[in-house]
Amino acid sequence: YTYNKQLKDMTYVNLDNQMKYVLSAPYSEITAQSTVLVYDIVCTIIGVIILSIVIGFILSLKITRPIKKLTQMIQNISKLDFRSNAQTTVLRQKDEIGRMAQAVLHMQEKLHDMVNQISEVENSVLTNVGELDEIMKEYSAGAEDSSAATQQIAAGMQETSANTTMITSNIGEVSEKAD
1 YTYNKQLKDM
11 TYVNLDNQMK
21 YVLSAPYSEI
31 TAQSTVLVYD
41 IVCTIIGVII
51 LSIVIGFILS
61 LKITRPIKKL
71 TQMIQNISKL
81 DFRSNAQTTV
91 LRQKDEIGRM
101 AQAVLHMQEK
111 LHDMVNQISE
121 VENSVLTNVG
131 ELDEIMKEYS
141 AGAEDSSAAT
151 QQIAAGMQET
161 SANTTMITSN
171 IGEVSEKAD
């Protein structure tokens with residue numbers, strides 16, 4: 001109801017002695033506390049949301065930074081870059097990311113050992129190929145010498161054959177003349 005151009009609210013209660021207790025107050029005074037309370041609630045909610053965003057951001061950095069470092073380690077390994085790039089902060093973590101980093105570091109060491117072994121085998125093969133090349137050159141020279149000697153023997157055999165044919169022919173002539 002309105003009284004003296006002011007909005008008011010009224011309530012009453014029946015008493016035991018059959019009387020009524022009536023209470024009337026301006027509406028602005030009644031709602032003043034609730035307005036402050038709503039304002040406080042809204043501020044608290046906004047504060048909690050901001051705090052949640054900040055905490056979420058910090059947690060996401062705490063998760064993504066080690067993953068980025070681990071990804072960089074793996075990319076370096078994929079390029080066969082085995083320089084000691086172990087991120088000690090990642091390796092010291094006791095969570096799953098720390099265990100993954102330790103496994104990647106172990107894999108890096110094993111791959112580095114394998115690459116070194118392959119390099120040693122390559123050097124051994126290159127040395128053996130060089131030695132085999134020298135042996136082949138020696139055998140080739142020996143084969144050329146044998147080939148030349150065989151050709152000389154074949155030429156001598158042809159000459160001997162020609163001489164034998166000539167001798168046989170001369171014997172045949174002498175035999176005919178003797179008869």
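Residue numbers (the working numbering): 1 to 179.
Quick reminder that beta carbons are idealized off the backbone N, C-alpha and C, glycines included.
Note that the structure is a prediction, hence the values are computed from the model and not measured.
Q | Sequence ranges, alpha helix (DSSP H) only - wholly within the stretch 7–83, length at least 4 | A | Look at the stretch 7–83 and you find these whole runs of alpha helix (DSSP H), each 4 residues long or longer: 27–78.
Q: Work out the CA separation of Tyr39 and Gln33 for me, nearest whole Å.
A: On the sequence shown, residue 33 is found 33 positions in, with the first residue counted as 1. On the sequence shown, residue 39 is found 39 positions in, with the first residue counted as 1. In a straight line, the C-alpha of Gln33 is about 10 Å away from that of Tyr39.
**Q.** Alpha-carbon to alpha-carbon, Gln152 and Val174
**A.** As a first step, residue 174 must be located in the sequence shown, where it is residue number 174. As a first step, residue 152 must be located in the sequence shown, where it is residue number 152. Computed Cα separation, rounded: 32 Å.
**Q.** Span separating the alpha-carbon of Ile46 from that of Ile53
**A.** Mapped onto the sequence shown, residue 46 falls at position 46. Mapped onto the sequence shown, residue 53 falls at position 53. For Ile46 and Ile53, the distance between alpha carbons rounds to 11 Å.
Q | His112 to Ile118 span [Cα, whole Å] | A | Here residue 112 corresponds to residue number 112 of the sequence shown, with the count starting at 1. Here residue 118 corresponds to residue number 118 of the sequence shown, with the count starting at 1. Put simply, the backbone Cα of His112 is about 10 Å away from that of Ile118.
Q: Return the CA-CA distance between Gln108 and Leu80, expressed in angstroms with no decimal places.
A: One-based indexing of the sequence shown puts residue 108 at position 108. One-based indexing of the sequence shown puts residue 80 at position 80. If I take the Cα positions, the gap works out to 9 Å.
Q: Would you mind sorting Val48 into buried or exposed? The rule is 16 or more other CB atoms within 10 Å of its CB.
A: The residue you call residue 48 lines up with position 48 of the sequence shown. Val48 sits exposed, since fewer than 16 C-beta atoms from the chains shown fall within 10 Å of its C-beta.
(Q) With the cut-off set at 9 Å, would you say Gly89 and Lys68 are in Cβ contact? (A) Taking the sequence shown and counting its residues from 1, the one referred to as residue 89 is at position 89. Taking the sequence shown and counting its residues from 1, the one referred to as residue 68 is at position 68. With the sequence shown as reference, residue 89 is identified as Thr, and Gly is not the correct amino acid for it. No, the pair does not count as a contact, with Cβ atoms beyond the cut-off.
Q) According to the neighbour-count rule (16 or more other Cβ atoms, all chains shown, within 10 Å of its Cβ), is Met73 buried or exposed? A) Counted from its first residue, the sequence shown places residue 73 at position 73. The residue in question, Met73, is buried, as its Cβ has 16 or more Cβ neighbours within 10 Å.
Q: Specify the secondary structure class of Val1 as computed by DSSP and reduced to three states.
A: By 1-based counting over the sequence shown, the position of residue 1 is 1. Looking at the sequence itself, residue 1 is Tyr, so the reference to Val does not match. DSSP places Tyr1 in coil when its eight states are reduced to three.
Q.
Could you tell me the alpha carbon to alpha carbon distance between Val125 and Asn116, rounded to whole angstroms?
A. As a working note, residue 125 is residue 125 in the sequence shown. As a working note, residue 116 is residue 116 in the sequence shown. Val125 and Asn116 have their C-alpha atoms some 14 Å from each other.
Q) Mind pulling the alpha helix (DSSP H) runs of 4 or more residues that sit fully within the stretch 81–121? A) Along the length of the stretch 81–121, whole alpha helix (DSSP H) runs at least 4 residues long occupy 88–91, reported in chain order.
Q | Exposure of Ala149, with buried meaning 16 or more beta-carbon neighbours within 10 Å | A | For the purposes of this step, residue 149 is taken as residue 149 along the sequence shown, with counting starting at 1. By the 16-neighbour rule on beta-carbons within 10 angstroms, Ala149 is exposed.
Q) Considering only the beta carbon of each residue, do Ser24 and Thr11 sit closer than 9 Å? A) Taking the sequence shown and counting its residues from 1, one reaches residue 24 at position 24. Taking the sequence shown and counting its residues from 1, one reaches residue 11 at position 11. Taking a C-beta distance under 9 Å as the contact criterion, Ser24 and Thr11 qualify as a contact pair.
**Q.** Cα-Cα separation between Asp16 and Val22, rounded to whole angstroms
**A.** The residue labelled residue 16 in the question sits at position 16 within the sequence shown. The residue labelled residue 22 in the question sits at position 22 within the sequence shown. In this model, Asp16 and Val22 are separated by some 14 Å (Cα to Cα).
Q | Residue burial classification, Leu7 (beta-carbon count within 10 angstroms, cutoff 16) | A | As a position in the sequence shown, residue 7 is number 7, starting the count at 1. With fewer than 16 other Cβ atoms within 10 Å, it is exposed.
Q) For Leu51, is the classification buried or exposed, using 16 other Cβ atoms within 10 angstroms of its Cβ as the cut-off for buried? A) Mapped onto the sequence shown, residue 51 falls at position 51. An exposed status is given to Leu51, since fewer than 16 other beta-carbon atoms sit within 10 Å of its beta-carbon.
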